[in-house]
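**Q** Residue numbers (our numbering), protein chains in the order written: chain D, 1038 to 1558; chain S, 158 to 650; chain L, 1208 to 1319; chain R, 197 to 858; chain Y, 18 to 187.
Idealized CB from N, CA, C, for every residue including glycine.
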Amino acid sequence: MNLLDLVIAIPAIGFLVALIIPRVMEKITRLLVMGFALLTFVVSLGLVSGFQSGVNGLQFESNKIWIANPEIHYHVGIDGLSLWLIILSTFLTPIAILLSWKYVQHRIKEFYAFLLLLECGLVGVFAAYDLFLFYTFWEVVLVPMYFLIGIWGHDRRIYATVKFFLYTMVGSVLMLAAIIFLYTQAHTFDYAEILAQLGSGKIALDHGTETLLFLAFFLAFAIKVPLFPLHTWLPDAHVEAPTAGSVMLASVMLKMGTYGLVRFCLPMFPIAAKENAPWIVILAITGIIVGALVALVQPNMKKLVAYSSVSHLGFVVLGIFSFTQVGLDGAVYQMLNHGISTGALFLLVGFLYERQHSLAIKDFGGVATVAPWLSILFLITTLASIGLPTLNNFVGEFLVLQGAAQANFSWAVFAAFGVILSACYMLWMYQRVFFGALAHSVKHHVTDLSPREWACAVPLIVMMVWMGMYSQSFIPAISEANARILDRTAKAGLIKMTPHVAVNAGTSNFAPAGGGNAHAR
Amino acid sequence: MLANGISSSFVPSNLEMLRFAPELILSVAGTLLMVLDPFFGEGKKSPKIFGHISIVAFLLAIFGAVEANTVAGPAFSNLLIVDGFATYFRVLVLVIGVFAVLSSYLYLDREAADTCEYHALLLFSVAGQCLMVSSNDLIMIFIGLEISSIASYVLAGYLRNDRRNNESALKYFLLGSFATGFLLYGVSIVYGVTGTTKLDEIRTFLAAPGVPTGYVALAAALMIVGLGFKVSGAPFQVWAPDVYQGAPAPVSAFMATAPKAAAFAIFLRIFVTDFDKIGSSWEPLIWISALLSMTIGNFAALTQTNIKRMLAYSSIAHAGYLLVALAARSEIGTAAAMFYLAAYALMNIGAFAVVIHICGKGEKNVLISDLAGLGQKQPLTAGLLTVFVLSLIGVPLTGGFFGKFYIFRSALESHLVWLAILGLLNSAVAAYYYLRLLVVMYMHEPGEATESLEPLSPGLGLALALPAVGTFVLGVAPGAVLALATAGAALTK
Amino acid sequence: MDPQVLMQTLGKGVPTSWYLALSAVLFTIGVAGFILRRNIITVFMCIELMLNAVNLSFIAFAHEHRQVSGHLFTFFVMVVAAAEAAVGLAIILTVFKNRSTLNIDEIDSLKN
Amino acid sequence: MQNLWLIPALPFIGFLINGILGRKLSKAVVSAIAVLSVVLSFGLVVSVGLSSGWGEHPIHQHYFTWIRSGGVDIGWDFMVDKLTMIMLMVVTGIGSLIHIYATGYMAHEEGYYRFFAYLNLFMFFMLNLVLGANYLLLFVGWEGVGLCSYLLIGFYFVKKSATTAGNKAFIVNRIGDFGFSLAMFLIFITFGSLDFGKVLSAAPGKPVEVLTAIALLMLLGATGKSAQIPLYVWLPDAMEGPTPVSALIHAATMVTAGVYMCSRSAAIFLKAPIAMETVAIVGLATAVFAATIGLTQYDIKKVFAYSTVSQLGYMFLGVGVGAFSAGIWHLMTHAFFKALLFMGAGSVIHACGGEQDMRKMGGLKKYTPWTCGVLACASLAIAGVPGTSGFFSKDAILTAAYGHAPWMFWVGVVTAGMTAFYVWRAFWMTFWGEYRGGDAGHSHDHGHAHTHGHDDHAHAHNHSHDHDHDHGHSHSHDDHGHDHHGTPHESPWSMLAPLVVLAFLSLAGGFLFNVPKFLESMFPLHEEVPNEEMLMGVSIFAGLIGIALSYFMYVANKELPGKIRKALGGIYTLVYNKYFVDEFYDATVVRPIIEGSTEVLWHGLDQGVIDGAVNGAGTGSRSIGGVLKHLQSGNIRSYATWVVVGAVILLITVGMNGGLIR
Amino acid sequence: MDLFFFLLFAFIAVACAVSVVLQKHPISCALSLVGTMASLAVLYLLLGAEFIAMVQVIVYAGAIMVLFVFVIMLLNAGEESSKGRSWIAKIAGLPALAALLGILGYAMLTFYPMVGPKASLVHFGDFTGGGAKEIGTALFTEYLLPFEVTSILILIAILGAIVLARKEID
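1) Got a sec, what are the start and stop residues for the beta strand (DSSP E) residue 535/S sits in?
2) By Cβ distance, which residues of its chain are closer than 8 Å to residue 1069/D, with the 5 residues on each side in sequence left out?
3) Run through the segment 19-96 of chain Y for me and flag every whole alpha helix (DSSP H) of 4 or more residues, listed as ranges in chain order.
4) May I ask you to list the residues that DSSP assigns as paired with residue 261/R?
5) Quick one: which residues of the segment 1238-1251 of chain L get their C-beta closer than 9 Å to a C-beta of chain S? List them in chain order.
6) Whose Cβ in chain S lies nearer than 8 Å to the Cβ of residue 1505/D?
7) Quick one: Cα of residue 667/R to Cα of residue 300/R, how far?
8) Can you give me, in chain order, the residues of the segment 98-123 of chain Y that have a beta carbon less than 8 Å from any beta carbon in chain R?
9) Helix or strand or just coil, what does DSSP make of residue 782/R?
10) Report the rounded CA-to-CA distance for residue 675/R versus residue 495/R, giving the unit in angstroms.
11) Output needed in chain order: residues of the segment 126-142 of chain Y with a Cβ under 9 Å from some Cβ in chain L.
12) Run down chain R in chain order and give the residues with a C-beta less than 9 Å from the C-beta of residue 396/S.
13) Going by other Cβ atoms of all chains shown within 10 Å of its Cβ, with 16 needed for buried, is residue 1000/D buried or exposed?
14) Please tell me whether residue 381/R has its Cβ less than 8 Å away from any Cβ of chain C.
15) From the DSSP output, read off the bridge partner residues of residue 1159/D.
16) If we count the other Cβ atoms within 10 Å of its Cβ and call it buried at 16 or more, is residue 18/Y buried or exposed?
17) Assuming residue 1113/D and residue 1080/D are in contact, meaning their beta carbons sit under 8 Å apart, how far apart are those beta carbons, in whole angstroms?
18) Write down every uninterrupted run of the alpha helix (DSSP H) in the segment 373-425 of chain S whose length is 4 residues or greater and which is fully enclosed by it, in chain order.
19) Which same chain residues, not among the five before or five after residue 1317/L, have their C-beta less than 8 Å away from its C-beta?
20) Below 7 Å on C-beta distance, what does residue 356/R contact in chain D?
21) Kindly list, in the order they appear in chain R, the residues whose Cβ is closer than 8 Å to that of residue 1333/D.
22) Grouping DSSP H, G and I as helix and E and B as strand, with all else coil, what is residue 1529/D?
23) Determine which residues share a DSSP beta bridge with residue 1096/D and list them.
24) Could you give the distance in angstroms between the alpha-carbon of residue 585/S and the alpha-carbon of residue 181/Y?
25) When DSSP labels each residue in this structure, what does residue 228/S get in the three-state scheme?
26) Cα separation between residue 595/R and residue 517/R?
27) Once the 5 residues before and after residue 77/Y are set aside, which same chain residues still bring their CB inside 7 Å of it?
28) Going by Cα to Cα distance, which pick from 548/S, 489/S, 214/S and 534/S is closest to residue 610/S?
29) Alpha carbon to alpha carbon, how far is residue 734/R from residue 728/R?
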């Protein structure tokens, strides 16, 4: 049992323990669950320290037969792509637990049990190297989130949670079909093996089949991302979810989709991915702009942040389908960034909710007067979210846009509008909530941060600065993994990849708007 | 006649008796119950002793079935065949029998019904199913089917003063007999073409060249009517919702599982082996039937408010999934169907057990809304139901998921791509109404039904817990059952 | 088909197919009765008619194959029919006791 | 070796200390930390200057790799050359003075520590901007100063107008940054690097179209930051911030970043003549345009704000005509006199207890002689009176413009005249005549201030959608003057001392710092223009005319302005209301976006179409279910019929498939 | 001769069967059904199924139908009411029945060739394997199992009838 197995197992054990604990022992439940989450985090840090760069292939690999026939393996392992997403999951879970300390007052043990189950599933998704196992974790994640929203959510929680479940379900069953189909071709679920067979031509997919398979996977992931126009479950789910649910949903769960795109869609179906990239990019850009514009006019803070996620994740998809090293690195980095900054936004919005019991922007005003520190942390988070340099999102957005520009300059032009708009909606919200004359109810209800809340928020703020100022802690591992993925897409014969773009991309192939350069086909 | 040295003599050999052991044990036990009735039946209205005896009988029969499998082979002039396939299904229906008994204690007690006859009928019905699944002869199959069915007819109307029970029994009986007529006609045509009703001989006959396949196809069509009815596959599913809704809840649970499993066993045994030669003629029909069953079952279930009726529709949908496996016409498909039936049986029994738990005397609380707040009042019951619901939806780590996976895998292996896709999409639709159960249980405030709910009785508790464990085992470590199914599927040819 | 040849043949015996066709006709009439009649007992009798039709085909096939097994099937079908009759009529009795009607169309409280 | 990173790091440390602990520290400590950090930074700059021969020997330092991915390799690199040196001196020098000034000006403010924390943070980013050795670091500073600008404009966050102005500044700047970032992407695609060294040395070899595109996109960025047409609109509103902020950020340093960027990228611009022409025209247009507006404003800070916009236009004109060093020179001198103007205005406002409307001032020279004196120096400088710093730099630009295209010169001269006019108009209105403010009048109740003192035109039109709800546009923005007592009073020495220094620089700056000469190695001097003396004379004359005219109208003949106003009628209204540009943007951009997003995108597309489809699928499924369940009529005969129908279909199909029926 | 008997009893069988469907009163139906069964018994004889013909008369036409008549009498069932309707049975019923008859009839008529050397004909006395002895032998050797199992079936029938039809004990 290596470290990675432990990281998956500890939350699972914690889940069972939390289920067993008698209902009355609330405090012990909380502490115990927190202990499990922290332990998981600490153990997961071992993954970072033990991670070696320059290794081609999986690390912390663990491969055991789970079911003999059809041969399904418990095959987990990480590369640079998974590493940070796993850390993100283990990092945020303790925060989610801590932030619910007061928020959740009924059915406590179930709540925490579900959080741990969620963590287990998330880590599993990012670590699974067997398609069946991947799908298992993928679906397992759905269940705790369904309950988290449905039981501890707000008024329209049932509508939201059912919508969330069904939306995702529709996508995932198609993915399941594609997975099974691949199995019937490859006679294995092992991802590496399937890739090898695809690469060597042992599985020869004709063009239509590859496209269909790609679309099946893509749809599942696109719903999860969520890519415009499949996003309408997200605002509902976010608004209705309890804070911890929103945080986990926005920060990690959405990344399952983008992770899937990078991990599976690109390497397995490079030709289809490349061929379908143009319209996917158009959707991504539409999502960036529409998401931002809709966020602009939201009267509800959580909904605003939710729509901003639609916009932000459009960047990620754009980066992925730019098929450039820069864009892909940026996309993956942006996944982490979004996890941190949007997670923090939901966290802070949750703090406001706990005070005022409202999420409507109009119910606030002048919060900065009574809760300066809360305002400052919120401001930093806001700034991170709108991509201020030296904070994390900037790095990701810059790389994504740079990558997009390399692929097709007009993509970057349109996508960059999102950057303008993000400032509009975030700052406008910030102004209305924190600035202005002190509203009466705010004066009576809103107080500054408690130590517990500090403890929740500060790690996120620290990460924002760290990731914004020293991306080299993270990007090299990501780059390596992405390079391998791009290598596959390049080998698929359609894409000419030159990692050192345009250094020699001399003089004649420039067309400012839309014509693209050497990298756009 | 001389295979394995068994003569067609008047006196069956011990070996033959051993291969017939489960049916024998059940029949003896059933008779024993009736003999004992006068001794225990008086005084107490619904003594539990008969249930206990039944369980012992079922367990003995399971033991017998497993033992019989160690000496697998034909018996009674080749009318009976004990192989992995038969044993798998025998054990399955016997296990279902155990759960049916377990979930009946409370119900019968509550309704102050006679227990002796109930359990005797249950034993006989299962005996008939055991007979069906281990038959190697169409006429044996027919007799087994009738034993199973007639007992079920009676069970469906067991509470004879209950109007719903009456109607349920009448519908089941009339339509069942009607469909049996078709089945029988099919059998007769098969007999006409081949001159035999023994499955292996039919197989041999059909394998030869120059067979008038048209008539075989005709026979197959007629048998699909009969068997399709029994498995409640569209368009022969019409009876199922009414009957399941009207019958006593434990009987519904039983009917939705055991006879269905047995009928599917027959379906598989006959069609995948004997009629495989003319598979191209019936496969499209099964394809359509599968799709129709899934669609009708799932969509009609969307608007149901009665849990039993909803589960009935859901069972139609599940029959659709199973028909997908049949349409695959392969060993894998057979194994998939076998596995799925096991998973389906467990989750369905579990779900019905919860219905039995909450329905109250006279089944007055059978609406979905009656589950309101169960998650708060009885978290354990709710948790167990959650397991079943998740399995019915097809969430990984449950038997339902793995079964579904296996079925659609077989479909894709057989290039039924669109059927698989439509089926999977259907399962997403299904999620909607299953989720309603969870929504009501966990996200609504407790209602009248749950407020006054008594704690889980031991029998029902077992009938909930064991299937839940089973559902998990099938989802997490399906290897053993899968191996049995695969081995069983291999033996049918 | 040449009528003359047919007449010649008919002199030797009745074509088995005719027996079979008769069974088909009876079967269909049974089905028709099931669908069209409203009295439950009559409907049940129509089922018996269907079984009889099947029996006829069994016997005809047995004759063709010169086998006794077909007769045995018929025998078993009869036993089954008898058993069904007993149970079926008992069910009809209970229904009548509770609803005081034998009209099949009035037994439709379980629906949708 | 000098550690360049210390230069921005010192203010940053100041920011951290003040920002985190400031609330608990006394004002003295806070100001000590803030001022000291900047002054030390200034000292470091000087020492760096001394050791590097004032940029003669460029320094380039690499600290760590910031972003590396694919071909992108961005280091956290600082660089000092002559251009940087000038900027560093201006930023830290003026910055130090303004910090000192602010300790006095803000002495009675709530959130004192917050103000200085922001100010220090601004210094950090601004220094980063000028020190950065690649475009991305420049961009870091660029965005960072924008952030600080946002924070400081909205310093009085309780006031809606302030925070709105802050948002406006940030968002309009973002539009510019949009261009800048696209320029960066294009630069990277073209050059494979963002380092100044690599890019600029390779620029001459690249195709003109690309360079033009890059340059134009950069210009878009510059118009945002440096408040040029069409993105200048934020700067006048930015006067909502405390006056030291206006002086430091919105006059002396940040707004000149665009000029710096263009000059830095001279290698690219020089190869893109179309872009150069555009720069020149944008600059010139802005200069004229803003100057006309400046003629009519009554808010003293607004006047200087438009003046800033106008002067920035000058700088762009200089850059556009290729006189980069002249532009930079003007940048420097402008920093002196405009900072002085603002700080002087601040002093005036301070004196008048927060009043900003010049119509309620007047005759202040007897109350605030020092302020009057230093403002006179600044006004002379901006009017381009010979010998003052403004004269030299403006003249250099105009001469170069003449060399480029004579009409530009003439337009520039007219603008210069207008500039002289409105600055002196402000001067006369403030210091000459009688004091018009009520003795015990204006409390800081804004509503009160709102009710009097505006002439009919002031609110003939509601300004922007936000402003009209709470505050008028043109009065007390600083919640200032808690020590207010009836009559105006001179400011404390902490405020006056920096003014005096700047006054000196405004007057003598032209002699002291000959920027074109200094930068000759980077930007070759322009060839001589014929008739240079004549041109110089014309521009001097224009300035003097302006001053004289203003004296005539606002001192000698006070009825005249009113008459002219009436005579001009509509034109005056148009100009007074800043050509309704805000309203135009509001109607064509802001409202359509808000309403379109609400109605079309949110309610229409998102909730209507997409969610409608999703929910419709749900309802559809349920209605399908509703239909299907009615097949289940409960009637046994119907059921049997279904069975028969099914059987028939089966029989026919299977029969056909099986070969029974052919 | 064969032809005559066949046609005669086939006609009676069909006529009685049609009568079962058309008669309004259950008793008439039952009697018609007896008629069908009796004529089928004759046809069985023609087909060489002596034993079955006998059983048909005794068990089927005799015992089972008596049971029917008994129940009809017990319930005092009169002419069926015409309340209620089945929409689908009306619309789809007749076409479906026609199609069913068509396809089954066609299939059955063509099942064996009627003419030619391979013609399959029924001639009374061709096959005599349907006597009691043959049946008895088969029942107790090859078909022992179903024979024994039918006892369970009958047991269930009895049990079921008791469960459903007996009077309440209390």
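**A** Taking the definition as stated:
1) Against the second sequence, residue 535/S aligns to sequence position 378. Taken as a continuous stretch (DSSP letters only), residue 535/S belongs to no beta strand (DSSP E), as it is neither H nor E.
2) Here residue 1069/D is taken as the residue at index 32 of the first sequence, counted from 1. So the qualifying residues of the chain are 1051, 1054, 1055 and 1058.
3) 19-39, 43-63, 67-72 and 82-92
4) If you number the fourth sequence from 1, residue 261/R lands on position 65. 271/R, per the DSSP bridge assignment.
5) 1238, 1241, 1247, 1250 and 1251
6) Stepping through the first sequence from its first residue, residue 1505/D is reached at position 468. Near residue 1505/D there are no residues of chain S at all, since even the closest Cβ is about 38 Å away, more than 8 Å.
7) Position 471 of the fourth sequence, counted from the first residue, corresponds to residue 667/R. Position 104 of the fourth sequence, counted from the first residue, corresponds to residue 300/R. Only weak support is given to the placement of residue 667/R: the predicted model assigns it a pLDDT of 39, under 50, and the value that follows is read from those uncertain coordinates. In a straight line, the C-alpha of residue 667/R is about 26 Å away from that of residue 300/R.
8) 101, 103, 104, 105, 106, 109, 110, 113, 114, 116, 117, 120, 121 and 123
9) Reading the fourth sequence from its first residue, position 586 is the one you call residue 782/R. Residue state, collapsed to three classes: helix.
10) As a working note, residue 675/R is residue 479 in the fourth sequence. As a working note, residue 495/R is residue 299 in the fourth sequence. Because the pLDDT of residue 675/R is 43, which lies under 50, any placement of that residue in the model is unreliable, and the number read from its coordinates should be weighed accordingly. The alpha-carbon atoms of residue 675/R and residue 495/R are separated by roughly 16 Å.
11) 126, 127, 128, 129, 130, 131, 132, 133, 136, 137, 138, 139, 140 and 141
12) Start at 1 with the first residue of the second sequence, and residue 396/S comes out as number 239. Chain R residues near residue 396/S: 832, 835 and 839.
13) Examination of residue 1000/D is not possible in this model, given that chain D is present from 1038 through 1558 alone.
14) The structure shown contains no chain C; its protein chains are D, S, L, R and Y.
15) Mapped onto the first sequence, residue 1159/D falls at position 122. Answer is none; residue 1159/D lacks a bridge partner.
16) Here residue 18/Y refers to the residue found at position 1 when the fifth sequence is read from its first residue. Exposed, because fewer than 16 other Cβ atoms sit within 10 Å of the Cβ of residue 18/Y.
17) Mapped onto the first sequence, residue 1113/D falls at position 76. Mapped onto the first sequence, residue 1080/D falls at position 43. Wrong, their Cβ atoms sit about 14 Å apart, outside the cutoff.
18) 396-403 and 406-424
19) Counted from its first residue, the third sequence places residue 1317/L at position 110. There are no such residues.
20) Here residue 356/R refers to the residue found at position 160 of the fourth sequence. Those are 1473, listed as they occur along chain D.
21) To locate residue 1333/D, count along the first sequence from 1; it is residue 296. Going along chain R in sequence order, the residues near residue 1333/D (Cβ under 8 Å) are 789, 790 and 793.
22) Here residue 1529/D corresponds to residue number 492 of the first sequence, with the count starting at 1. Of the three classes helix, strand and coil, the one that applies to residue 1529/D here is coil, per DSSP.
23) As a first step, residue 1096/D is located in the first sequence; it is residue number 59 there, counting from the start. DSSP output for residue 1096/D lists 1115/D as bridge partner(s).
24) The residue given as residue 585/S occupies position 428 in the second sequence. The residue given as residue 181/Y occupies position 164 in the fifth sequence. Their backbone Cα atoms lie some 42 Å apart in a straight line.
25) Within the second sequence, the letter at position 71 stands for residue 228/S. In this structure, residue 228/S counts as coil in the three-state DSSP scheme.
26) On the fourth sequence, residue 595/R is found 399 positions in, with the first residue counted as 1. On the fourth sequence, residue 517/R is found 321 positions in, with the first residue counted as 1. C-alpha separation (whole angstroms): 10 Å.
27) For the purposes of this step, residue 77/Y is identified with residue 60 of the fifth sequence, where counting begins at 1. Closer than 7 Å at the Cβ level, and outside the excluded window around residue 77/Y, lie 54.
28) As a working note, residue 610/S is residue 453 in the second sequence. Of the candidates 548/S, 489/S, 214/S and 534/S, the one whose C-alpha sits nearest the C-alpha of residue 610/S is 534/S.
29) Counted from its first residue, the fourth sequence places residue 734/R at position 538. Counted from its first residue, the fourth sequence places residue 728/R at position 532. Those two C-alpha atoms are separated by around 10 Å.
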